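Student: Numbering of the sequence shown is given in full-length UniProt numbering, commencing with residue 1 and proceeding in unit increments. Note that CB positions come from ideal geometry on N, CA and C, so glycine has one too. Just so we're clear, the structure is a prediction, and the values are computed from it rather than from any experiment.
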Amino acid sequence: MSAFMASRSANQGMCAHSCRWKYKSRLLLEEELRPGEYLEMEEDDNGSYILNSKDLCLMPKLDKIISIGIDSLKIEGRNKSEYYAAQTARVYRKAIDDYFDNPGGWQPDEYMKELITLQNRGYTIGFFDGMPGREAQDYIDTSSKSNYRNAGVIKSSVNGFLTIELRHKLKKENEIEILSPFKFEPVKIILNKIYDKDNNNLVEELAPGKTGQSVKIPVGGDLSIFPENTIIRIKTA
1 MSAFMASRSA
11 NQGMCAHSCR
21 WKYKSRLLLE
31 EELRPGEYLE
41 MEEDDNGSYI
51 LNSKDLCLMP
61 KLDKIISIGI
71 DSLKIEGRNK
81 SEYYAAQTAR
91 VYRKAIDDYF
101 DNPGGWQPDE
111 YMKELITLQN
121 RGYTIGFFDG
131 MPGREAQDYI
141 DTSSKSNYRN
151 AGVIKSSVNG
161 FLTIELRHKL
171 KKENEIEILS
181 PFKFEPVKII
191 LNKIYDKDNN
201 NLVEELAPGK
211 TGQSVKIPVG
221 GDLSIFPENT
231 IIRIKTA
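1) Let me check understanding here. Comparing Cα to Cα, which of Arg26, Met5, Glu32, Glu30 lies closest to Arg20?
2) Between the Cα of Tyr123 and the Cα atoms of Thr142, Pro208, Ile234, which residue gives the shortest distance?
3) Looking only at DSSP bridge pairs, what is Gly152 linked to?
4) Can you tell which of Asp138, Gly133, Arg149, Asn200 has its C-alpha closest to the C-alpha of Leu162?
5) For a test of the three-state rule: what should DSSP assign to Met41, helix, strand or coil?
6) Which term fits Ser224, buried or exposed, when burial requires 16 or more other beta carbons within 10 angstroms of its beta carbon?
7) Which value, in whole angstroms, describes the spacing of the CA atoms of Asp97 and Val91?
8) Enumerated in chain order, which unbroken segments of the alpha helix (DSSP H) with a length of 4 residues or greater are wholly contained in the stretch 38-112?
9) Just the C-alpha distance for Asp222 and Leu58, rounded to the nearest angstrom, thanks.
10) Does DSSP put Asp140 in a helix, in a strand, or in coil?
11) Have a look at the DSSP bridge pairing and note the partners of Tyr195.
12) Would you check if the distance between the CB atom of Thr88 and the CB atom of Leu39 is smaller than 8 Å?
13) Restricting to Cα atoms, I'd like to know which of Asp101, Ala95, Asn102 is closest to Pro108.
14) Looking only at DSSP bridge pairs, what is Leu27 linked to?
15) If you draw a straight line from the alpha carbon of Glu43 to that of Gly152, how long is it in whole angstroms?
16) Going by beta-carbon coordinates alone, are Ser180 and Lys197 separated by less than 8 Å?
17) With distances taken from CA atoms, which of Asn11, Arg8, Asp45, Glu31 is nearest Ile140?
18) Hey, Ile194 and Ile176: beta-carbon distance below 8 Å or not?
19) Within 8 Å (strictly less), CB to CB, does Ile225 reach chain C?
20) Use the C-beta contact count for Leu33: other C-beta atoms within 10 angstroms, 16 or more gives buried, fewer gives exposed.
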């Protein structure tokens with residue numbers, strides 16, 4: 001090793017001690033159809049970001065997609081939460097209906113405001129407008145950009161109470177947002193009282209420690225807009 005790197009043979013007493021030098025290993029990626037084009041895999045304490053694409057989201061181009069005659073859209077739901085699947089389908093359904101009500105005045109902003117509440121790594125339109133630039137990748141981190149979480153699912157709405165099967169810890173004075181299928185704007189409720197469904201005791205907080213762990217909360221007004229399996233979310237920061 002010393003002879004190869006420094007022309008100093010250890011067998012002749014001239015070792016350069018090259019085995020003790022500081023080295024850096026490099027990992028190169030080579031795509032099958034691009035031989036000779038090497039991409040260096042760089043890492044920090046959290047890993048590598050070379051394949052860390054933002055999430056594809058074509059909501060900003062929905063009007064163009066509809067205008068060229070496409071009449072069926074697929075929501076990617078594999079390995080996604082119930083909150084993700086429900087909220088994405090809900091928002092796209094509303095956006096499509098609003099487009100047909102007023103094609104000339106349609107804008108994506110209010111729908112994107114809801115989509116960014118989902119777990120995401122930032123959004124990109126990918127190759128829709130041609131070759132994407134550096135903005136299609138996140139070179140900083142892999143964490144979600146959303147500070148909302150799935151709080152639970154409504155299991156019943158009876159006698160002024162909502163029964164919620166928990167997906168996230170709820171505490172007294174938390175504000176939750178109910179995503180009613182009958183209203184696009186989330187219904188916000190402050191948790192002044194929380195009851196443990198199992199024993200009807202008032203509690204300060206309760207976490208989803210076991211399957212089916214549920215709470216009951218008193219809610220005024222028309223509960224018919226909160227059918228079974230309505231999703232509830234909570235802002236965590």
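Tutor: Checking against the coordinates, here is how it stands:
1) Closest in alpha carbon position to Arg20, among Arg26, Met5, Glu32, Glu30, is Met5.
2) Looking at the Cα atoms, Thr142 is the closest of the given residues.
3) In the DSSP assignment, Gly152 is bridged to Leu166, Ile232.
4) Among Asp138, Gly133, Arg149, Asn200, the Cα nearest to that of Leu162 belongs to Asn200.
5) Here Met41 sits in strand by DSSP.
6) With fewer than 16 other Cβ atoms within 10 Å, it is exposed.
7) Each residue's alpha carbon lies about 10 Å from the other.
8) Within the stretch 38-112, the runs of alpha helix (DSSP H) that reach at least 4 residues and sit entirely inside it are, in chain order, 62-67, 82-101.
9) Between Asp222 and Leu58, the C-alpha separation is close to 35 Å.
10) A small correction: the amino acid at residue 140 is Ile; Asp does not occupy that position in the sequence shown. For Ile140, the secondary structure class from DSSP, reduced to helix, strand or coil, is coil.
11) Assignment of beta-bridge partners to Tyr195 by DSSP yields Leu202, Lys216.
12) Contact flag unset, no.
13) For the residues Asp101, Ala95, Asn102, the minimum Cα distance to Pro108 belongs to Ala95.
14) DSSP lists Met41 as partners of Leu27.
15) Each residue's CA atom was taken as its position, placing Glu43 and Gly152 some 37 Å apart.
16) It is not a contact, given that the beta carbons lie outside the stated cut-off.
17) The option with the nearest alpha carbon to Ile140 is Asp45.
18) Contact: no.
19) Absent from the structure: chain C. Only one protein chain is present.
20) When all chains shown are included, Leu33 counts as exposed.
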